[in-house]
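Protein chains in written order, with my numbering: chain B, 5 to 309; chain W, 5 to 309. Yeah, the Cβ is synthetic: ideal placement off N, Cα and C, and Gly gets one too. Following: one structure in structure tokens, then a few remarks.
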DNA sequence: GTCACGTATGAAAGATATTTTCGGGTGGGG
DNA sequence: CCCCACCCGAAAATATCTTTCATACGTGAC
């Protein structure tokens, strides 16, 4: 039975995708009263109707199942089931269509769902901006220096301090020697130890954080290769930087401090550095990575499944 | 029968709209082999699967109808019928959205520019997935608990430790009392101090990190409100969590360890928590934020314009 | 290695949803 | 006023989805 019906329809162009409202209007005149009621309901509230069974829709429109099926057929579908699927698709499209509101700033009274959407959107934007603005030549040079370094020191305080630690963790994992310094004094005393071919990295969004600039200056003067990851390519920190990696600066608001987007941006740069270095030192990096995984395995409780 | 089932699900947030691929990845580890096959088929070809009946999909994946239904349930739908509708919606979105995707994996010999592009794209994807899959009800509850807490302890080791510190830094900035613990022993001894209305947060991608679960358990048993931020909503850690915030799991490769995308995902969740708390405690948060800016000002060298 | 246990799985029964059939009702024209 | 054609819905027939249950499989203990 159904098979036959499907054969018949297979000959025609496949059922319409989303131009349902139009189809309803076109076909309305040729419909009987009951069918018009069904078609109208479907056109007015695709999402709502998609949630209903034949019986439900029949009751809603004050008609019978048979009429609903007949309407579906008239609209070009093999049966109600397929109309319903199309309806669900249409609803989803409409849903996704209206989401431009996220560009607005985060307000104090935004519902939590909006906060999530806006934050995610903003951070995505920050990533795109950063990637677009990142100077691959500088990046490549920085990667080269890191891969060849005897040791690497990374300076960062506050939020940037966490990024510094993130980079350090990663480099250690692939067998390189790296240290993150939060303490400005210790950072300076350590910077004195650096020499040619060593690398020093300063991470500062403002480009003007004295606590970070100072150790970089010392490292620079001792002949180390210096890298600055900053949002201000013209800031004081760049005086002492051989390579400058620029992070993007997103607009901020009262509720959304700069630290948030700058952190996202800095982390992307750090990830790029890491992958770059891992590529260049693949021979040693790959086994080192595996080893670090295995070392961790026994610290995890056996997971169900 | 079905009625009962629907009642049960009515309590939970409605099934996800379009974040299906992400949900599949998150839940895949907790699935059985057969169910994974079904989930995979569904994630790879939503449109194709939407055209199939239970039986069809069962045959396609070489499993049984029962397994298909079970998978649909696991993904959060009352049954296959509803999964199918969601699939149709997803297909429609993809159709209109046109996702070109630089989905290729990062290779050892990729030029540095490609690395940047792929990493940025992947992290953007991770953000989108996380936002789509975040349970705003749980998030709201977590925010409420944080805003009302006498003190908050955050546990995390390894890469998650940095996320824990990030959250702590932020909470401190708006005048709340928060501590991050990397040291498992100290974490436990501190957890003992917690009591009702205090909050403990565990951050672990695997959901099975003993060093982090242990303090959370102690806090839980002392009556604190506990929150888990994890990529495995069924992992051991969730036993002791009043609220579960799920981070998304991106596919990983040799060069791109899981730590990378999980960190991105965790940070988004943390940011959402922070903004949510800042909203609720706006009266005190706003002046606290300004104060922290001013306190930092003199640590920055005057920036050349 | 072998045994016992818990779990995963598919076949088939059971419940729902969809489609078809069929006959009553309605309205327009003769 | 009667007849015809066609719209319409109740109910039967069918397809689809869901649940149950027995089996097989893998896993860990001994």
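- Message: I believe residue 69/W touches residue 59/W by the beta-carbon criterion, under 8 Å. Please report the beta-carbon distance rounded to the nearest angstrom.
- Response: Translated into positions along the second chain, residue 69/W becomes position 65. Translated into positions along the second chain, residue 59/W becomes position 55. Yes, they are in contact, since the Cβ atoms of residue 69/W and residue 59/W sit about 6 Å apart, within 8 Å.
- Using a Cβ-Cβ cut-off of 9 Å, state whether residue 179/W counts as contacting chain B. Walking along the second chain from the start, residue 179/W turns up at place 175. So no, residue 179/W is outside the interface.
- Item | Distance CB(residue 47/B)-CB(residue 89/W) smaller than 9 Å | The residue labelled residue 47/B in the question sits at position 43 within the first chain. The residue labelled residue 89/W in the question sits at position 85 within the second chain. Not in contact: residue 47/B and residue 89/W (Cβ atoms no closer than 9 Å).
- Task: Report the option in 276/B, 161/B, 208/B whose CA atom is closest to the CA atom of residue 138/B.
- Result: Here residue 138/B refers to the residue found at position 134 when the first chain is read from its first residue. Considering only alpha carbons, the answer is 276/B.
- Establish whether the CB of residue 127/B and some CB of chain W are separated by less than 9 Å. Your numbering for residue 127/B matches position 123 in the first chain. Interface residue, yes.
- Query: Is the beta carbon of residue 67/W less than 9 Å from the beta carbon of residue 41/W?
  - Reply: Residue numbering aside, residue 67/W sits at position 63 when the second chain is read from its first letter. Residue numbering aside, residue 41/W sits at position 37 when the second chain is read from its first letter. Yes. Within cutoff.
- Task: Could you please tell me which residues of the stretch 50–74 of chain B, in chain order, have their CB closer than 7 Å to any CB of chain W?
- Result: 54
- Proximity below 9 Å, CB of residue 168/B to CB of residue 186/B: Translated into the one-based positions of the first chain, residue 168/B becomes position 164. Translated into the one-based positions of the first chain, residue 186/B becomes position 182. In this structure, residue 186/B lies closer than 9 Å to residue 168/B by Cβ.
- Message: If you follow the beta strand (DSSP E) that residue 57/B is in, where does it begin and where does it stop?
- Response: Taking the first residue of the first chain as 1, we reach residue 57/B at position 53. Per DSSP, residue 57/B belongs to no beta strand (DSSP E) and is neither H nor E.
- Item | Extent of the continuous alpha helix (DSSP H) run through residue 217/B | As a working note, residue 217/B is residue 213 in the first chain. Annotation for residue 217/B: the continuous alpha helix (DSSP H) segment containing it runs 214–225.
- Task: Please report how far the alpha carbon of residue 1/W lies from the alpha carbon of residue 131/W, in whole angstroms.
- Result: Since the displayed chain W opens at 5 and closes at 309, residue 1/W lies outside it and no answer follows.
- Message: Under 9 Å, Cβ to Cβ, is there at least one residue of chain B near residue 93/W?
- Response: Position 89 of the second chain, counting from 1, holds the residue named residue 93/W. Yes, its Cβ sits closer than 9 Å to a Cβ of chain B.
- Taking 8 Å as the cut-off, does the CB of residue 137/B come closer than this to any heavy atom belonging to the ligand NAP? Questions concerning the ligand NAP fall outside what the structure shown contains, since it holds no ligand whatsoever.
- Message: Since residue 159/W and residue 207/W should fall inside the 8 Å C-beta cutoff, what is the C-beta to C-beta distance between them, to a whole number of angstroms?
- Response: By one-based count along the second chain, residue 159/W stands at place 155. By one-based count along the second chain, residue 207/W stands at place 203. Yes, residue 159/W and residue 207/W are in contact; Cβ-Cβ is about 7 Å, under 8 Å.
- May I have the straight-line CA-CA distance separating residue 286/W from residue 155/B, to the nearest angstrom? Taking the first residue of the second chain as 1, we reach residue 286/W at position 282. Taking the first residue of the first chain as 1, we reach residue 155/B at position 151. Spanning the two alpha carbons is a distance of roughly 45 Å.
- If contact means a Cβ-Cβ distance below 9 Å, which residues of the stretch 148–177 of chain B contact chain W? Answer in chain order: 161, 162, 163, 165, 166, 167, 169, 170, 173, 174, 177.
- Message: On the criterion of 16 or more Cβ atoms from any shown chain inside 10 Å, does residue 189/W qualify as buried, or is it exposed?
- Response: Counting from 1 along the second chain, the entry for residue 189/W is found at position 185. That one is exposed.
- From the DSSP output, which residues share a beta bridge with residue 157/B? Working through the first chain from its first residue, we reach residue 157/B at position 153. The partner list for residue 157/B (beta bridge, DSSP) reads 183/B, 204/B.
- Have a look at the DSSP bridge pairing and note the partners of residue 247/B. Numbered from 1 along the first chain, position 243 holds the residue referred to as residue 247/B. Paired residues: 231/B.
- Item | At least 3 beta-carbon pairs within less than 8 Å: the stretch 218–233 of chain B vs the stretch 193–202 of chain B | yes
- Task: Step through the CB atoms of chain W and report whether any lies within less than 9 Å of the CB of residue 109/B.
- Result: Here residue 109/B is taken as the residue at index 105 of the first chain, counted from 1. So, not an interface residue.
- Query: By Cβ distance, which residues of its chain are closer than 6 Å to residue 292/W, with the 5 residues on each side in sequence left out?
  - Reply: Working through the second chain from its first residue, we reach residue 292/W at position 288. Only 178, 179 meet the Cβ criterion.
- Contact with chain B by residue 84/W, beta-carbon distance below 9 Å: Position 80 of the second chain holds residue 84/W. No - not a single Cβ of chain B is within 9 Å of the one on residue 84/W.
- Task: For my contact list, residue 3/B and residue 241/B are in at a C-beta cut-off of 8 Å; report their separation, rounded to the angstrom.
- Result: Outside the shown range of chain B, which is 5 to 309, sits residue 3/B, and nothing can be said about it.
- Task: Check residue 290/B in the structure and name its three-state DSSP category.
- Result: Within the first chain, numbered from 1, the residue matching residue 290/B stands at position 286. In this structure, residue 290/B counts as helix in the three-state DSSP scheme.
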